[in-house]
Amino acid sequence: MSPKFLLFILFLYLAMVVSSSVAQVNPSGTHYRLKSGKKVRLDSIYVFDMTYDCEQEGKIRFHDPITDKVGFLGSRGQVVIPAKFNDARPFYNGLALVMHDAKRVCLDGKPYERGKCEHWMWDGVTAIIDSTGRIVADHLDDDLIRNLNWYSAKLCKSPSAVKGYTSFKTIDGQYYSILNYEAEFNNWFYGCFLPGAIAGKLVLYDKVRVESMSRRGKEKSYAKNTFRTKYADVMKIKLKAIQSRAIETVIFPSRLNPFIQTSKEFRPYYTDCDEPNEARYPVFEVITTIQVKGGNPKQEHYEFLRTEVGYKLFGVAWQ
């Protein structure tokens with residue numbers, strides 16, 4: 086069984102979230118508190134894997150403990166979308182993913198029993214709703230909903246023919262076409278970053294963190310110009326090996342680490358709730374593996390952040 090609708094990576098950092106405009110999660114975990122001080126939705130806060138929900142686009146999720154369903158509250162704590170879904174993701178660009186007609190299953194595929202499995206997932210029907218809670222696209226392929234740029238969504242009469250876009254047929258016969266971040270990054274990394282960096286045009290973030298894989302704990306951050314001066318030649322050698330396919334290279338979606346990327350330069354890439362803003366500014370990690378005869382393989386890591394002006398290298402970990 087393939088995983089379906091894992092709302093968050095299961096190892097998110099525990100956070101007591103304070104919403105920017107809708108609510109504050111009370112430390113007792115029993116209600117939302119509006120900025121006015123009013124308490125709403127007693128015993129109905131939304132929690133997943135010890136992580137509280139955070140307002141997005143003027144809405145915050147709530148869980149009805151009686152029906153075991155999820156809905157959304159508005160800016161005054163009022164119910165704007167009734168609790169009628171098994172689960173839901175936050176709103177992005179007026180759209181949200183929801184799960185309906187679902188059942189809980191353990192990650193190993195066994196039937197869910199309270200206290201029997203540490204982590205579980207929903208197995209059901211994935212759909213897209215609009216800001217009113219109306220389902221606009223139903224029965225989505227779960228493999229196609231990952232790493233999407235919801236802010237690029239366009240409603241079209243036919244599926245997009247543009248490379249890197251995913252299209253979902255709507256209830257009324259139109260199509261939502263949405264850019265896939267992972268496809269975008271892969272195209273940029275191999276088509277733009279590698280050729281440019283090898284030619285001497287290394288695209289860097291304001292600061293670049295360098296970590297030694299052979300000497301754990303040894304790390305240092307450099308201003309981009311200092312990094313370029315110190316490591317440009319080394320980078321060319323390493324990147325040429327990636328470009329020529331001489332070493333194994335894989336790309337994984339990642340995220341900013343709120344315990345490491347804490348400087349003011351990264352502040353714009355977090356939400357008002359101090360969480361990495363992955364919906365707008367995803368991170369991708371390029372991992373290379375060097376096979377060592379008679380020894381353990383050696384890996385090196387390159388981290389890229391999507392900024393307002395494109396992807397930039399902000400971290401490396403090498404031998």
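All letters in the sequence shown, in the order written, are residues 86 to 404 by the working numbering. Quick reminder that beta carbons are idealized off the backbone N, C-alpha and C, glycines included. Fair warning: this is a prediction, and the values are worked out from it, not measured in the lab.
Per DSSP, the beta bridge partners of K254 are Y260. Taken atom to atom, the span from the alpha-carbon of N265 to that of M298 is near 31 Å.
When DSSP states are grouped into helix, strand and coil, L192 belongs to the coil group. DSSP, reduced to helix, strand and coil, places R313 within a helical segment of the structure shown. Ranked by Cα distance from A222, the first of M320, K315, L240, K195 is L240. Around the beta carbon of S121, a 10 Å sphere encloses fewer than 16 other beta carbons of the protein chains shown; the residue is thus reported as exposed. Excluding residues up to 5 positions away in sequence, K321, L324, K325, Q328 lie with their Cβ nearer than 7 Å to the Cβ of I283 in the same chain. Spanning the alpha carbons of P382 and E296 requires a straight line of approximately 18 Å. Look at P353 here: in three-state DSSP terms it is helix.
Taking a cut-off of 8 Å on C-beta distances, the region 188-196 does not touch the region 229-248, as fewer than three cross pairs fall below it. Looking at the DSSP output, S245 bridges to nothing. The bridge partners DSSP lists for A402 are E296, H386. If you look at A364, you'll find it isn't in any beta strand (DSSP E); DSSP assigns it neither H nor E. Relative to the Cα of F133, the nearest Cα in the group G143, W205, R300, V165 belongs to W205.
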